[in-house]
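Participant:
Residue numbers (the numbering used here): 369 to 513.
As structure tokens, this is what we get:
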């Protein structure tokens, strides 16, 4: 059961980490190249489509991390749950409000701020993925032997 939960969490973490790296390195920087006239339309489309890509995997991450911490309490599962909560907190307390401001129109300073502080979320998701991977490998090897 623990390996199953870790597998599910790991799969969602791989998806989210790959996506946040793409967003950080390609997508957010492209915001600066959208004309002011088209920016609001672009941002509505961006927000809608991004939600479609992240909502389910983020819910899977949260649910699986909470389940691991609840059913298999350990330092490792609490760290995984904590890192998951940090990514959620950053997303909803920092990035959703920034995107709400960008929905009002192009703001080059705000776009630069979005890119620079998103490194924190990119780092956190990457760290969480690494932690999930190590936890999965350790769990798998300890249950096999």
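We put the CB at the ideal spot given by N, CA and C, even for glycine.
(1) Cα separation between residue 463 and residue 470?
(2) Just to confirm, is the Cβ distance from residue 455 to residue 370 under 9 Å?
(3) If we count Cβ pairs, one from each stretch, closer than 8 Å, do we get three or more for the stretch 465-484 versus the stretch 395-403?
(4) How many angstroms separate the CA atom of residue 424 from the CA atom of residue 476?
(5) Rank 435, 430, 439 and 442 by C-alpha distance to the C-alpha of residue 457 and give the top, closest one.
(6) Classify residue 474 as helix, strand or coil using the three-state DSSP reduction.
(7) Assign residue 501 to one of three DSSP states: helix, strand, or coil.
(8) Hey, residue 500 and residue 420 are a contact pair by Cβ (cut 8 Å); roughly how many whole angstroms apart?
(9) In angstroms with no decimal places, state the Cα-to-Cα distance between residue 409 and residue 472.
(10) Which residue wins for smallest C-alpha separation from residue 381, given the options 508, 415, 509 and 489?
(11) So for residue 369, helix, strand or coil by DSSP?
(12) For residue 377, which of 414, 445, 404 and 417 has the nearest alpha-carbon?
(13) Using a Cβ-Cβ cut-off of 7 Å (strictly less than) and excluding sequence neighbours within five positions of residue 434, which residues of its own chain qualify?
Facilitator: With the given structure in hand:
(1) So the alpha carbons of these two residues sit roughly 10 Å apart.
(2) No.
(3) Contact holds: three or more Cβ-Cβ distances are below 8 Å.
(4) C-alpha separation (whole angstroms): 30 Å.
(5) For residue 457, the nearest C-alpha among the options comes from 430.
(6) In the three-state reduction of the DSSP assignment, residue 474 falls in the coil class, being assigned neither a helical nor a strand state.
(7) Assignment of residue 501 by DSSP, reduced to helix, strand and coil, places it in the helix class.
(8) About 23 Å; that fails the 8 Å criterion.
(9) Residue 409 and residue 472 have their C-alpha atoms spaced approximately 10 Å apart.
(10) Answer by Cα proximity: 489.
(11) Coil at residue 369, not helix or strand.
(12) Out of 414, 445, 404 and 417, 445 has the C-alpha closest to the C-alpha of residue 377.
(13) The residues 449, in chain order, have a CB closer than 7 Å to that of residue 434 in the same chain once the five nearest residues on each side in sequence are set aside.
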